[in-house]
Amino acid sequence: MDMIHTEQLTKYYGKARGITDLDLTVSEGEFFGFIGPNGAGKSTTIRTLLGLIEANSGTASVLGKIIIGQNVSPINRREVLSEIGYLPSEAVFYNGMRVRDILRLSADLRKKDCRKEANELCERLQLDTSRKVEELSFGNRKKVGIVCALQHNPRLCILDEPTSGLDPLMQREFFSILKERNLRGTTVFLSSHILSEIQRNCTRAAIIREGRIIACDTVEALSKTSAKRITLHGTTDLTGLAHVRDTHLLENGISFLYGGDIRELTAYLSKLPLTDLSIAEPDLEEIFLHYYTEGGESK
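Heads up: the sequence shown runs through residues 201 to 499, numbered per my numbering.
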């Protein structure tokens, strides 16, 4: 079953672009990445899917139920939202409330007893439930949002820039929790502009640019390219070598992406006074920049 499916989903803010003709499918059980810089349309997509803002056109279904389009049932929307765990990029809570009260309120709104799950999550995330919201750092407020999103064991987690504010140890623990949930069947939809998060954790991803999906494939396939990352030591001279881009000068050498014939490269390098060299696959961040600076292939 498709947990998320959209067709030509479009949202404009007056004349300003939000998302345009967005076609997206996320299957049940996937750990799916949604990649794009700030302003690309990630949050607009999520808020539209959740009904927090109204689409201008297009259709969408979540958990197999139509929630955007003609003749949408309010019952469908309520049933869908009850099975979703949503973490916004910035969580805001009522001042004066203690963490434990916020968690209880969140659980009561869903009419579920989540105390056991909440206690385990708070322990793993090192969250003090006795503190008041206004006393919390941004990172600890983010932890409160994580527990609210996960304590009811949702079938679908929609997470918008979830690790901002978390220190590296908490980020690692957070992704451990998500991977455990995913192994038990939870679908994870992770919106992020941090490419390493997507590459380490997601099996498939979509890249969004200026409100449109420009690529969607497995992370492995998105990372594949004919270009290689070449690092040379002993020279910085690339005069006469074609198909070179994204160069970086090093202390005693140069690093660059090479997209030409490897035989031409080896013939060229044999004439240089090299002390060392390495050839590696570019990482996802370099592929991402390729899609943004050169357009990439739409899929």
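For each residue, glycine too, the CB sits at the ideal point set by N, CA and C.
Note that the coordinates shown come from a computational prediction; the quantities given were computed from them, not determined experimentally.
Please report the distance separating the alpha-carbon of residue i from that of residue j.
i, j, result
"residue 466", "residue 458", "11 Å"
"residue 239", "residue 468", "42 Å"
"residue 279", "residue 332", "32 Å"
"residue 411", "residue 206", "14 Å"
"residue 324", "residue 440", "56 Å"
"residue 460", "residue 431", "15 Å"
"residue 219", "residue 233", "17 Å"
"residue 383", "residue 389", "14 Å"
"residue 276", "residue 355", "15 Å"
"residue 398", "residue 336", "28 Å"
"residue 443", "residue 236", "26 Å"
"residue 498", "residue 417", "Interpretation of residue 498 is limited by its pLDDT of 40, a score under 50 that renders its predicted location unreliable; the figure taken from the coordinates is listed afterwards. Answer to the nearest angstrom: the Cα atoms are 11 Å apart."
"residue 252", "residue 286", "12 Å"
"residue 304", "residue 373", "23 Å"
"residue 302", "residue 263", "27 Å"
"residue 428", "residue 365", "34 Å"
"residue 256", "residue 211", "5 Å"
"residue 250", "residue 436", "52 Å"
Quick one: what's got a C-beta closer than 6 Å to residue i's C-beta in the same chain, skipping five residues either side?
i, result
"residue 475", "433, 434"
"residue 445", "457"
"residue 334", "295"
"residue 480", "429"
With H, G and I counted as helix, E and B as strand and the rest as coil, what does DSSP make of residue i?
i, result
"residue 217", "strand"
"residue 521", "As shown, the chain starts at 201 and ends at 499. That puts residue 521 outside it, with no answer to give."
"residue 388", "strand"
"residue 296", "coil"
"residue 311", "coil"
"residue 466", "helix"
"residue 207", "strand"
"residue 408", "strand"
"residue 302", "helix"
"residue 430", "strand"
"residue 416", "strand"
"residue 471", "coil"
Evaluate residue i with the Cβ neighbour count: other Cβ atoms within 10 Å of its Cβ, from every protein chain shown; 16 or more gives buried, anything less gives exposed.
i, result
"residue 187", "Outside the modelled stretch of the chain, which goes from 201 to 499, sits residue 187, for which no answer is possible."
"residue 408", "buried"
"residue 352", "buried"
"residue 214", "exposed"
"residue 338", "exposed"
"residue 502", "Residue 502 lies beyond the residue range present for the chain, which begins at 201 and ends at 499; the question has no answer from this structure."
"residue 260", "buried"
"residue 482", "buried"
Note down, in chain order, each residue of its chain lying with its Cβ closer than 7 Å to the Cβ of residue i, except the 5 sequence neighbours on either side.
i, result
"residue 229", "385, 387"
"residue 310", "282, 352"
"residue 201", "228, 264"
Enumerate in chain order the residues of its own chain whose CB-to-CB distance from residue i is below 8 Å, with the five nearest sequence positions on each side excluded.
i, result
"residue 307", "313, 314, 315, 318, 351, 352"
Exercise. Is the region 326 to 344 touching the region 259 to 278 in the sense that three or more CB pairs, one from each, lie closer than 8 Å?
Worked result: The region 259 to 278 makes no contact with the region 326 to 344, as fewer than three CB pairs between them are under 8 Å.
Exercise. Quick one: any contact between the region 397 to 416 and the region 218 to 237, if contact means 3 or more CB pairs under 8 Å?
Worked result: yes
Exercise. If you pair each beta-carbon of the region 281 to 298 with each one of the region 357 to 365, do three or more pairs fall below 8 Å?
Worked result: yes
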